[in-house]
């Protein structure tokens with residue numbers, strides 16, 4: 001239970017920062033008393049908690065988007081209504097991760113969880129995030145989002161199937177490369193993650209029901225609840241931070257963590273799988 005609480009705390013702290021929560025849970029698992037990978041299923045299920053925090057934080061936006069999207073289907077709301085369009089953009093942007101998640105399920109649960117891959121992704125996408133933040137025009141707002149851009153966002157989100165990339169980091173990086181403001185890119189990234197995270201989390205919950213795992217059902221539930229509480233505070237902090245500051249601290253942290261993992265692997269302190 002102590003380990004589950006710690007993992008839930010880390011999940012909540014790292015899910016919405018561009019530093020990869022799945023990487024942190026994967027790495028942290030090596031240093032807990034069980035010295036075991038929490039697993040892709042545990043990670044996906046605890047993400048239900050952090051995504052529930054998104055629903056609470058953006059509740060008004062979500063209700064408005066859903067109601068306007070449904071209204072546009074029956075002619076009660078114009079199809080070019082911004083919120084109706086956002087509903088379609090979330091659906092379109094979710095397609096890549098659903099397709100790739102199903103096709104690559106076996107690799108997600110095995111090969112992709114190698115700490116060599118995790119460390120590489122932390123460093124590589126940390127550098128890409130830094131370059132995108134430095135070179136991006138940061139002029140486009142959320143209302144400027146187009147359907148082709150939604151697909152690009154979706155493709156970037158699908159990279160988070162590999163621990164170390166970061167769901168928010170990948171989508172925000174794509175937004176910066178496409179010229180969107182930091183806050184606009186982050187807002188769409190958070191909304192876009194809702195279908196993917198809930199879908200993956202409940203799929204893994206159903207799939208793993210009754211099967212033996214590192215943590216039992218109660219421990220996983222507690223970790224999910226802890227992640228929810230912490231995540232609400234982190235979202236509020238992060239949205240304020242990016243309106244005034246760059247992503248440089250996160251870039252430095254990602255690179256430092258990736259290098260540290262390589263050093264620990266080289267020294268034999270931790271095993272890649």
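Residue numbers (UniProt numbering): 1 to 273.
Glycine included, each C-beta is placed from N, C-alpha and C at the ideal position.
The model shown is predicted, which means the values in this text are computed figures rather than measured ones.
Might you give, ordered along the chain, the residues of its own chain that have their beta carbon closer than 6 Å to the beta carbon of residue 247, omitting 5 neighbours on each side?
Closer than 6 Å at Cβ, skipping near neighbours: 129, 133.
Whether residue 275 touches residue 150 by CB criterion (8 Å)
Since the first residue of the chain shown is 1 and the last is 273, residue 275 is not available in this structure.
Which residue from 262, 226, 193, 138 puts its Cα closest to that of residue 244?
Nearest neighbour of residue 244 by Cα position, chosen from 262, 226, 193, 138, turns out to be 138.
Just to confirm, are residue 126 and residue 26 a CB contact at a threshold of 8 Å?
Their beta carbons are not under 8 Å apart, which means residue 126 does not touch residue 26 by this criterion.
Please report the residue range of the alpha helix (DSSP H) in which residue 253 lies.
Following the DSSP letters along the chain, one finds residue 253 inside the alpha helix (DSSP H) bounded by residues 248-266.
Between the alpha carbons of residue 195 and residue 131, how many angstroms are there, rounded?
Rounded to whole angstroms, residue 195 to residue 131 spans 29 Å at the Cα level.
Using 8 Å as the cut-off, can you tell me whether the region 6-14 makes contact with the region 184-195, which would need three or more C-beta pairs spanning the two stretches below that distance?
Here the region 6-14 does not lie against the region 184-195, with fewer than 3 beta-carbon pairs under 8 Å apart.
Span of the alpha helix (DSSP H) around residue 121:
Taken as a continuous stretch (DSSP letters only), the alpha helix (DSSP H) holding residue 121 covers 115-135.
Please report how far the alpha carbon of residue 108 lies from the alpha carbon of residue 240, in whole angstroms.
Answer to the nearest angstrom: the Cα atoms are 33 Å apart.
Alpha helix (DSSP H) containing residue 30: first to last residue?
From DSSP, residue 30 is part of no alpha helix (DSSP H); its letter is neither H nor E.
One or two residues paired with residue 140 in a DSSP bridge:
Partner(s): 180.
Where residue 45 and residue 218 are concerned, what is the direct C-alpha to C-alpha distance, given to the nearest angstrom?
The straight-line gap from Cα to Cα measures roughly 12 Å.
N-terminal and C-terminal residue of the alpha helix (DSSP H) that residue 60 is part of:
Boundaries of the alpha helix (DSSP H) harbouring residue 60: 59-73, taken from the DSSP string.
From residue 175 to residue 5, what does the alpha carbon distance come to, in whole angstroms?
Looking at the two C-alpha atoms, the distance is approximately 33 Å.
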